[in-house]
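Here is the structure we will look at.
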Amino acid sequence: MTEHVTAYLGAYHDGELQGWRLRQVEAHLAHCATCRAELERLRTLATLLQESPAAESLTPPERFVVQVGLRLPRRPVQTAWQRGLEIGWRTAPLGLLGAWAFVQTVFIVAGVVMIVLRMGLGGDVVAGLLPASQQGTWLAQALSLSEASLSDVGRIVLQLLSNGGPLGWGVTLNLGSLVVIGLLYWSWLASWVARTRISGQQRIRQ
Amino acid sequence: MSGHPAAEIEPELITKAQRGDRQAFGELVRRHRKGVINVVYRMCGDANLAEDAAQEAFIRAWQHLPGYRPRSPFRNWVYRIATNAALDVLRRERETMDVDTLPLASPYEGPEATVERCERGECVRQAVLALPPASRAVLVLREYEDLSYREIADTLAIPIGTVMSRLNYARNRLREALTPYLETL
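Protein chains in written order, with the working numbering: chain Z, 194 to 399; chain W, 5 to 189.
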């Protein structure tokens, strides 16, 4: 004979057993009088508990509702503007992700355009975009005009600026935007943790 | 167009109440009043205390409603608050109550004497009240509110294994305390 299944009889009685455990208990009950008696005692106890009278309501339902209503403290009603702000805050990470995707797309497209231009392709397109007098010369002109009136250090700074720093405009702007997006995300994450902790403490007090 | 609160479905009422609509919350109170009073009554065993604790529970529910997320049913969420409110009321009462009037069975009293002293229902009520609060809460939600183990676990924020062990403990204690009645049924 298998071991008694006393530990699972409560769950069996409550209909909470499933799968092989349910089959195990049923198979055991089929031939174990001790466990069947135990199950019967559980059923009797449940009947006895149900016989215990429920609470007699001293206050009529409508009066109870009114009494609760009168005791409700004022709670600031959330306006449409506040709800919008809340939704905006919750979706901020998605916005940041979108901003990051946008920046990356812009740089990839710009990189492709630059490569195309350097290869001499699409010259006609560029020619159509800029007036003939300024094509390929406007930056050089600006630089030479400025260089005439600057010292050596000033010329180097101007040169670096015109190239976008030691790493070039593309990389600098890309890194800068990533740092800004990263800082914004970490700030959001910190405020989310703070909010979660506060609401957790409130839940414990409920 | 918004209809009468009584005709609205619960999620709509909850959303409105979360935005501060007292009428919608009143309808929620009307719908869950009986269940909450019953849970609290089974927990503290006194009808007057039960009504006070139930009102307290609904007020707490109103205060924390903006933070409620419909991951679990509203009923379970309110029952959780009600259980805690009942325990708070019991704690307060125990500090002021005369020891002789505590509705707990005396451990020195034999089963026969208990049978003589109590009506059957009263005896059951006292046996339930003599359980430790944690086990009593599980037993009340299972036996009187018919919550599943999963729902009880969610309501009381405990693992399902703990629900099972507390329920087994409560039933064993009750069987010992109510032996005379179990034999005559």
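Yeah, the Cβ is synthetic: ideal placement off N, Cα and C, and Gly gets one too.
Listed by chain order, chain W residues near T252 (chain Z) by CB distance under 7 Å: For this step, residue 252 (chain Z) is matched to residue 59 along the first sequence. Going along chain W in sequence order, the residues near T252 (chain Z) (Cβ under 7 Å) are E55.
When W:T188, W:R175, W:P184, W:E16 are compared against L232 (chain Z), the one with the closest alpha-carbon: One-based indexing of the first sequence puts residue 232 (chain Z) at position 39. When W:T188, W:R175, W:P184, W:E16 are compared, the shortest CA-CA separation from L232 (chain Z) is found for W:R175.
Min CB distance P246 (chain Z) to chain W below 8 Å: Counting from 1 along the first sequence, the entry for residue 246 (chain Z) is found at position 53. So, interface residue.
DSSP three-state assignment for V40 (chain W), whether helix, strand or coil: Here residue 40 (chain W) is taken as the residue at index 36 of the second sequence, counted from 1. Helix, per DSSP.
Spatial neighbours of D158 (chain W) in its chain, beta-carbon cut-off 6 Å, leaving aside the 5 residues before and after: Sequence index remark: in the second sequence, residue 158 (chain W) carries index 154 (1-based). The answer, listed in chain order, is S76, N80.
Option in W:H36, W:R96, W:Q27 with minimal Cα separation from A86 (chain W): As a first step, residue 86 (chain W) must be located in the second sequence, where it is residue number 82. Comparing Cα positions, the closest option is W:H36.
Where H68 (chain W) sits in the DSSP three-state scheme: Indexing the second sequence from 1 puts residue 68 (chain W) at position 64. Look at H68 (chain W) here: in three-state DSSP terms it is helix.
Under the three-state DSSP convention, the category E180 (chain W) falls into: Within the second sequence, the letter at position 176 stands for residue 180 (chain W). Looking at E180 (chain W) - three-state DSSP - the assignment turns out to be helix.
Three-pair Cβ contact test at 8 Å for the segment 274–290 of chain Z versus the segment 54–68 of chain W: With the rule of 3 Cβ pairs closer than 8 Å, the segment 274–290 of chain Z does not count as touching the segment 54–68 of chain W.
Distance between V43 (chain W) and V258 (chain Z) (C-alpha atoms, nearest Å): Reading the first sequence from its first residue, position 65 is the one you call residue 258 (chain Z). Reading the second sequence from its first residue, position 39 is the one you call residue 43 (chain W). Near 17 Å, if we compare the C-alpha coordinates of V43 (chain W) and V258 (chain Z).
Backbone secondary structure at V302 (chain Z) - three-state DSSP: Residue numbering aside, residue 302 (chain Z) sits at position 109 when the first sequence is read from its first letter. Three-state result, V302 (chain Z): helix.
Same chain, Cβ closer than 8 Å to V261 (chain Z), neighbours up to 5 away in sequence not counted: Stepping through the first sequence from its first residue, residue 261 (chain Z) is reached at position 68. Same-chain partners within the cutoff: there are none.
Euclidean distance between Cα positions of N172 (chain W) and L135 (chain W): Working through the second sequence from its first residue, we reach residue 172 (chain W) at position 168. Working through the second sequence from its first residue, we reach residue 135 (chain W) at position 131. Using only the alpha carbons, I get a separation of about 12 Å.
Proximity test, Cβ basis, 8 Å: Q217 (chain Z) and chain W: Residue 217 (chain Z) sits at position 24 when you count from the first residue of the first sequence. No, its Cβ sits nowhere closer than 8 Å to a Cβ of chain W.
Cα-Cα separation between C12 (chain W) and L235 (chain Z), rounded to whole angstroms: Counted from its first residue, the second sequence places residue 12 (chain W) at position 8. Counted from its first residue, the first sequence places residue 235 (chain Z) at position 42. Note on residue identity: the sequence assigns Glu, not Cys, to residue 12 (chain W). Distance from the CA atom of E12 (chain W) to the CA atom of L235 (chain Z), rounded to whole angstroms, is 40 Å.
Alpha-carbon spacing of I280 (chain Z) relative to V372 (chain Z), whole angstroms: Here residue 280 (chain Z) refers to the residue found at position 87 of the first sequence. Here residue 372 (chain Z) refers to the residue found at position 179 of the first sequence. Computed Cα separation, rounded: 25 Å.
DSSP-derived helix/strand/coil call for A220 (chain Z): Counting from one through the first sequence, the residue named residue 220 (chain Z) turns up at place 27. The three-state secondary structure of A220 (chain Z), taken from DSSP, is helix.
Cβ-Cβ distance between V167 (chain W) and Y148 (chain W) below 8 Å: Here residue 167 (chain W) is taken as the residue at index 163 of the second sequence, counted from 1. Here residue 148 (chain W) is taken as the residue at index 144 of the second sequence, counted from 1. The criterion of a C-beta distance shorter than 8 Å is not satisfied by V167 (chain W) and Y148 (chain W).
Neighbour flag for G363 (chain Z) against chain W, beta carbons, 8 Å: For the purposes of this step, residue 363 (chain Z) is identified with residue 170 of the first sequence, where counting begins at 1. Taking Cβ atoms only, chain W never reaches closer than 8 Å to G363 (chain Z), which makes this a no.
G30 (chain W) (DSSP reduced to helix, strand or coil): Stepping through the second sequence from its first residue, residue 30 (chain W) is reached at position 26. Reduced to three states, the DSSP call for G30 (chain W) is helix.
Cβ of F62 (chain W) within 8 Å of any chain Z Cβ: Counting from 1 along the second sequence, the entry for residue 62 (chain W) is found at position 58. By this cut-off, F62 (chain W) is an interface position.
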